[in-house]
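Novice: Residue numbers (the working numbering): 1 to 511. First the structure, which I've put down as structure tokens, then a few questions once you've had a look.
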Amino acid sequence: MNRSNGDAPYYNLYINGQWRAPIAEQYRPTIDPSTGETLGMIAQADIEDTRLAIRAAREAFDDGYWPSMAPGERSRLLHALVDAIEARQDEIADAEMRDGGCTWRKAHLLDIPVGLIHFRHFAKLADMEPLEPVPQITFPALSYNFVLREPIGVCGQIIPWNFPFLMAVWKIAPALAAGNTVVIKPATFTPLSLLKMTEIIHETGLLPPGVLNVVTGPGQVVGPEICTNPMVDKIAFTGSTEVGREIMQQAASTIKKVTLELGGKSPNIILEDADLDLAVDGSLWATFMHNGQACESGTRLFVPASIYDEFLERLVDRASKLRVGLSSSGDTDLGPVISAGQLRTIEEYIRLGIEEGATPVLLGKRPEDPELQNGFFITPTIFTDVDNSMRIAQEEIFGPVLCVIKYDGLEDAIRMANDTIYGLAAGVWSRDIETAVSVAKRIRAGTVWINDYHMINAEAPFGGYKQSGIGRELGTWGLKEYLEIKHIHVPLNNERSGKFWFDIVAPRTSE
Ligand code: NAP
Ligand code: MG
């Protein structure tokens, strides 16, 4: 169990169905980025702790009943876990809000309820038929063939700080639904909602020990062990493209299956006939939701020259009304960014944008409100006169900074939209759905929203083209990333047995 020390509770590692202190007894605080307050002391695993978790997951997979459980039974059990989590969802939402600095509305109305819908969807998908017959290609059939779907094994999962609960669900739920065992590492900035969910799962007593293991600790220590340990069969990572590259290299030493959900610099394209009320607010939502700290944020806004002045006037007017404040206030539109380091990075990019020749028509500043002085706050920035080749238009800033790019002609917009190393998402705004769909088809990205943004559907795939990733999450596509496919062949008679070599491969010539 976790112990507490004064106001700050201590959180241990969850290994083999038990809470255990890290071998080196190291803990570090996790803080509220709105106030700087310490919310908890978090166990810092080292390589040995990580190995214990991996071994527990290996044994639970090789010797336990989880992988071979009847799909219907596994599905019922996962539904029961979701029921237990749902009953205490406000606790998780509060942890999410305070640990990661997301707004009350985002935590309580979006991330946790949506995460629960996604978890339930995988609980439903767990009840799939594991066996699929292969259509016969010869008649009469010479053999019976079928394909089995089987779990891959031990899944090592590493997640980021921007959507901690949702990312944990997107990793754990499909892995468990497919019958795998898991070692998951949350981001150092935001471990609390996953730990809270794990507490709830532990209290149900429903999961066999070792099926779910949670290892908190530094990515640069825990990560390489998960990615290189031969007992791990698959890596699922969400985070930066830079770390994704390292992970792929580390996983190569033992040819692990790898899925990666990485960065983005998504284009959001306004067409001339767009409904401007919808498109202006939609563009702000696309960029500034969670302060631009979303991988799919629509941070490159393409506006046609014919409506540019009017669009921009409305955009700046609406953006300047966004309320920056404590994440716990129900009125806040933009809470803090995740850390002091991230705040400095954003300010550095704003300085760079000005140096590159872009015009800050809205310039982000640290707010003067005394209540906000201990947190990491910055007001929104909108740059115009942006050229798509500038660094502010090509690099992921991960902050409330929007680059507006003027275009002449749709071909020009599509060419610039695709001129990026990323390909995670995009938006298109138009009253003419046929045209919007034709534009969507030409954008090299895994998700394209039309007259909408950030809407994630439990049944639809999410993931990146190009350097935004490998593989897909959610829906049946997400589940398949956690399954091995086995072909089994059964001959319908034994005529061939014992005489393969001589009679078939090298038939005897008559003597
Ligand atoms: P990050 O620095 O790449 O960290 C992500 C995770 O990797 C954290 O748990 C981190 O641990 C761990 N890590 C760090 N170094 C590692 C290493 N050498 N080996 C293995 N693991 C390591 O990313 P972030 O700053 O947390 O998150 C922001 C990034 O995630 C953005 O680029 C964003 O676009 C991307 N993202 C993508 C998606 C998507 O679905 N495509 C969703 C959300 C976020 P520590 O926290 O301990 O450092
Ligand atoms: Mg925190």
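Ideal Cβ placement from N, Cα and C applies to all residues, glycine included. As the structure is a prediction and not an experimental result, all values here were calculated from the model.
Looking only at C-alpha atoms, which of Glu411, Glu91, Val134 sits nearest to Asp486?
Specialist: The amino acid at residue 486 is misidentified as Asp; the sequence shows Lys. Lys486 has its Cα closest to that of Val134, out of Glu411, Glu91, Val134.
Novice: With DSSP collapsed to three states, give me the class of Glu511.
Specialist: With a pLDDT of 46 at Glu511, under the threshold of 50, the predicted position of this residue should be treated as unreliable, and no value is reported.
Novice: Looking at Ala413: is its Cβ nearer than 7 Å to the Cβ of Phe237?
Specialist: No; because the gap between Cβ atoms is not below 7 Å, this pair is not in contact.
Novice: Does any heavy atom of the ligand MG sit closer than 6 Å to the C-beta of Phe163?
Specialist: False, no ligand heavy atom lies under 6 Å from that Cβ.
Novice: Taking the C-alpha atoms as reference points, what is the distance between His489 and Phe146?
Specialist: Looking at the two C-alpha atoms, the distance is approximately 7 Å.
Novice: Who are the near neighbours of Pro29 in its chain, counting only those whose CB is closer than 8 Å to its CB and skipping five residues on each side?
Specialist: Result list for Pro29: Ala8, Thr38, Leu39, Gly40, Met41, Ile42, in chain order.
Novice: Indicate, with yes or no, if the ligand MG has a heavy atom lying under 6 Å from the CB of Phe376.
Specialist: The answer is no for Phe376.
Novice: Hey, would you say the C-beta of Ala425 is under 6 Å away from at least one heavy atom of the ligand NAP?
Specialist: It does not: the Cβ of Ala425 is nowhere closer than 6 Å to a heavy atom of the ligand NAP.
Novice: So, Ala440 versus Val448, is the Cβ gap smaller than 7 Å?
Specialist: Yes, these two residues count as a Cβ contact at 7 Å.
Novice: Decide if Thr204 is buried, meaning its Cβ has at least 16 other Cβ atoms within 10 Å, or exposed.
Specialist: Exposed: under 16 other Cβ atoms inside 10 Å.
Novice: Can you give the beta carbon distance from Trp66 to Thr198, rounded, assuming they're within the 8 Å contact cut?
Specialist: Not confirmed; about 16 Å, so no contact.
Novice: Let me confirm a value: Lys321 is counted as buried when at least 16 other C-beta atoms fall within 10 Å, else exposed. Which label applies?
Specialist: With fewer than 16 Cβ atoms within 10 Å of its Cβ, Lys321 is classed as exposed.
Novice: Considering only residues of the stretch 244-302, which uninterrupted alpha helix (DSSP H) runs meet the minimum length of 4 residues and lie entirely inside it, listed in chain order?
Specialist: Counting whole runs of 4 or more residues, the stretch 244-302 contains the alpha helix (DSSP H) stretches 276-288.
Novice: Please work out which residues of its chain come closer than 8 Å, Cβ to Cβ, to Ala525, disregarding the five sequence neighbours upstream and downstream, and give them in chain order.
Specialist: For residue 525 there is no data in the structure shown, the boundaries of the chain being 1 and 511.
Novice: With three or more C-beta pairs closer than 8 Å as the rule, is the stretch 14-28 touching the stretch 110-128?
Specialist: Result no; under three Cβ-Cβ pairs closer than 8 Å.
Novice: On the CB-based measure, 16 or more other CB atoms within 10 Å of its CB, does Asp99 come out buried or exposed?
Specialist: With 16 or more Cβ atoms within 10 Å of its Cβ, Asp99 is classed as buried.
Novice: Taking the straight line between their C-alpha atoms, what separation do you get for Asn418 and Pro461?
Specialist: Spanning the two alpha carbons is a distance of roughly 20 Å.
Novice: Compare the beta carbon distance of Ile513 and Thr287 with 7 Å and say whether it is the shorter of the two.
Specialist: Any property of residue 513 remains undetermined from this structure, which presents the chain solely from 1 to 511.
Novice: Just how far apart, CA to CA, sit Trp104 and Leu148?
Specialist: So the two alpha carbons sit approximately 44 Å from each other.
Novice: By alpha-carbon positions, which one of Ile307, Ala319, Phe377 ends up nearest to Gly341?
Specialist: The candidate whose alpha carbon is nearest that of Gly341 is Phe377.
Novice: Specify the secondary structure class of Pro133 as computed by DSSP and reduced to three states.
Specialist: Pro133: strand per DSSP, three-state reduction.
Novice: Could you check whether Asn12 and Gly210 sit closer than 7 Å to each other, using their CB atoms as the reference points?
Specialist: The answer is no: Cβ separation not under 7 Å.
Novice: Would you tell me roughly how many angstroms separate the C-alpha atoms of Pro112 and Ser389, rounded to the nearest one?
Specialist: The question names Pro, but residue 112 in the sequence shown is Ile. Ile112 and Ser389: Cα-Cα distance of roughly 37 Å.
Novice: What alpha helix (DSSP H) runs, 4 residues minimum, are completely inside the stretch 402-435?
Specialist: Runs of the alpha helix (DSSP H) inside the stretch 402-435: 410-418.
Novice: Assuming Gly464 and Leu166 form a contact by the criterion Cβ under 8 Å, report the distance between their Cβ atoms to the nearest whole angstrom.
Specialist: With a Cβ gap of about 16 Å, Gly464 and Leu166 do not count as contacting.
Novice: Beta carbon of Phe311, beta carbon of Gly353: below 7 Å?
Specialist: Contact flag unset, no.
Novice: Is any heavy atom in the ligand MG found nearer than 6 Å to the beta carbon of Ile42?
Specialist: Checking the Cβ of Ile42 against the ligand MG gives no.
Novice: Between Asp275, Leu110, Ile338, Ser468, which has its C-alpha nearest Val428's C-alpha?
Specialist: The candidate whose alpha carbon is nearest that of Val428 is Asp275.
Novice: Can you list the alpha helix (DSSP H) stretches of 4 or more residues lying completely in the stretch 458-486, in chain order?
Specialist: Correct list: 475-480.
Novice: Would you call Asn162 buried or exposed, if buried means 16 or more other Cβ atoms sit within 10 Å of its Cβ?
Specialist: Buried: at least 16 other Cβ atoms inside 10 Å.
Novice: Is there contact between the stretch 53-72 and the stretch 290-298, where contact requires at least three CB pairs shorter than 8 Å?
Specialist: Cβ pair count under 8 Å is below three, so no.
Novice: With respect to 6 Å, is the separation between the Cβ of Phe398 and the closest non-hydrogen atom of the ligand MG below this value?
Specialist: Result no, Cβ not under 6 Å from the ligand MG.
Novice: Let me make sure I understand the geometry here. Which of Trp170, Arg351, Ala70, Gly101 has the alpha-carbon closest to that of Lys480?
Specialist: Closest by alpha carbon: Trp170.
Novice: Can you list, in chain order, the residues of its chain whose CB lies under 8 Å from that of Ile350, leaving out five sequence neighbours each side?
Specialist: Cβ neighbours of Ile350 beyond the five flanking positions: Pro360, Leu363, Gly364, Thr381, Val401.
Novice: Quick one: complete beta strand (DSSP E) runs, 3+ long, within the stretch 7-92?
Specialist: For the stretch 7-92, whole beta strand (DSSP E) runs of length 3 or above, ordered along the chain, are 8-11, 13-15, 18-20, 27-31, 38-43.
Novice: Can you tell me whether Asp99 sits near the ligand MG, meaning its C-beta is under 6 Å from at least one heavy atom of the ligand?
Specialist: Under cutoff, so the answer is yes.
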